[in-house]
Amino acid sequence: MMKHYLTTFIFLLTISLSHSQTSPEDELGAWYTYFGNHRISNKISIVAGGQIWAYEPTTNFNLLLLKGGINYHINNKLKVELGYSFLDIDRSIQGLDGRHVYEYRISEQIAYKHKLSNLPIDHRLRLEQRLFNLRVGHSSKNRLRYRLGTKINLNKTLFIRANNEVLFHLEKDFFSENRLYGALGINLNKSCNLQLGYMYRFINDLNLHRLQVSLFIKTDHRKKKA
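Position 77 of the sequence shown, counting from 1, maps to 77 under this note's numbering, and the rest follow consecutively.
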């Protein structure tokens, strides 16, 4: 069963849709995500992952993101994270000078989860310091992000994941963007799930529609008591 799901995941990454576009709004784009969370002690976990964004499902590359970080678990509901990300951003489709921009990002994050009646709720607040390596020099920006989400189990295998994230600049033009996300999740096993979803992204007065294919792995390396 797991082999079947992984084959489907790979197929979605490699199907060929090759017609061109001239605007980010013209076509249904896609984000492909891998994210791993590895618990190494009662208080510490390590995270690592990556994303590929495309203006169309398998062509017109937009962005590559690689991330690593470390979490400190205050308790079962609350944790903080320090992270670092590298991004390769292709702006050629937007007609901007300098085909690629490289971003080096440091982030501080706090995550909290609880239940509202029987509905699980999770909150994520993230502060980012972003350094851009441009063709004409360097620039920096700071950004604040807040995400509100939930996960609803349909049965032992399937679940619904939904969240909304608002992003703010901390310099001028306070509002940055909004990301509304919904997905059907498939538990491949106890430590791995696949999410097939859709995101509506509003940014710079653009309405972007993005398919989402995400693979999440969660492992626990704590020593079990004898």
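Ideal placement from N, C-alpha and C gives every residue a C-beta, glycine not left out. Please read all numbers here as calculations on a predicted model, not as lab measurements.
Residues bridged to PRO120 (per DSSP): Looking up residue 120 in the sequence shown gives position 120. Answer by DSSP bridge pairing, in chain order: LYS115.
Check whether TYR181 and ASN163 have beta carbons under 8 Å apart: On the sequence shown, position 181 is the one that residue 181 refers to. On the sequence shown, position 163 is the one that residue 163 refers to. Yes. Within cutoff.
Go ahead and label ASN71 buried or exposed: buried means 16 or more other beta carbons lie within 10 angstroms of its beta carbon, across all protein chains shown. As a first step, residue 71 is located in the sequence shown; it is residue number 71 there, counting from the start. By the neighbour-count rule (16 or more Cβ atoms within 10 Å), ASN71 is buried.
Same chain only: Cβ atoms within 7 Å of ASN193, ignoring 5 sequence neighbours per side: Here residue 193 corresponds to residue number 193 of the sequence shown, with the count starting at 1. These residues qualify, in order along the chain: GLY185, ILE186, ASN187 and PHE216.
Which ranges would you report for the beta strand (DSSP E) in the stretch 52-90 if only whole runs of at least 3 residues count? Qualifying beta strand (DSSP E) stretches, in chain order: 59-73 and 78-90.
Could you tell me the distance, in whole angstroms, from the CA atom of HIS221 to the CA atom of HIS38? Here residue 221 refers to the residue found at position 221 of the sequence shown. Here residue 38 refers to the residue found at position 38 of the sequence shown. Computed Cα separation, rounded: 7 Å.
Check SER214 in the structure and name its three-state DSSP category. If you number the sequence shown from 1, residue 214 lands on position 214. Reduced to three states, the DSSP call for SER214 is strand.
Cβ neighbours of LYS141 in the same chain (closer than 7 Å, five flanking residues each side left out): On the sequence shown, residue 141 is found 141 positions in, with the first residue counted as 1. Closer than 7 Å at Cβ, skipping near neighbours: ARG130, HIS169 and GLU171.
Report the three-state DSSP secondary structure of SER107 (helix, strand or coil). Locating residue 107 in the sequence shown gives position 107, where the first residue counts as 1. Reduced to three states, the DSSP call for SER107 is strand.
Three-way DSSP call (helix, strand, coil) for SER176 in this model: Sequence index remark: in the sequence shown, residue 176 carries index 176 (1-based). Of the three classes helix, strand and coil, the one that applies to SER176 here is strand, per DSSP.
Which residue wins for smallest C-alpha separation from LEU66, given the options GLU56, HIS73 and VAL47? Start at 1 with the first residue of the sequence shown, and residue 66 comes out as number 66. The residue with the shortest Cα to Cα distance from LEU66 is VAL47.
Keeping to the same chain, check which residues put their C-beta closer than 7 Å to that of PHE175; ignore five residues upstream and five downstream. Within the sequence shown, residue 175 is the residue found at index 175, counting from 1. Cβ within range, chain order: PHE168.
Identify whether SER92 lies in helix, strand or coil by the three-state DSSP scheme. Taking the first residue of the sequence shown as position 1, residue 92 is located at position 92. It is helical.
Where LEU170 falls: helix, strand or coil (DSSP): Residue numbering aside, residue 170 sits at position 170 when the sequence shown is read from its first letter. Reduced to three states, the DSSP call for LEU170 is coil.
Excluding the 5 residues flanking LEU28 on each side, which residues of the same chain have their C-beta closer than 8 Å to its C-beta? The residue labelled residue 28 in the question sits at position 28 within the sequence shown. Taken in chain order, the residues that qualify are GLU56, PRO57, HIS209, ARG210 and LEU211.
SER107 and HIS73: beta carbons closer than 8 Å? Numbered from its first residue, the sequence shown carries residue 107 at position 107. Numbered from its first residue, the sequence shown carries residue 73 at position 73. Cβ atoms of SER107 and HIS73: not closer than 8 Å.
Measure the C-alpha to C-alpha separation of ASN204 and ARG143 and round it to an integer number of angstroms. Residue numbering aside, residue 204 sits at position 204 when the sequence shown is read from its first letter. Residue numbering aside, residue 143 sits at position 143 when the sequence shown is read from its first letter. Each residue's alpha carbon lies about 15 Å from the other.
Pick from MET199, GLU128, THR150 and PRO120: whose alpha carbon is nearest that of PHE86? In the sequence shown, the residue the question calls residue 86 occupies position 86. The candidate whose alpha carbon is nearest that of PHE86 is GLU128.
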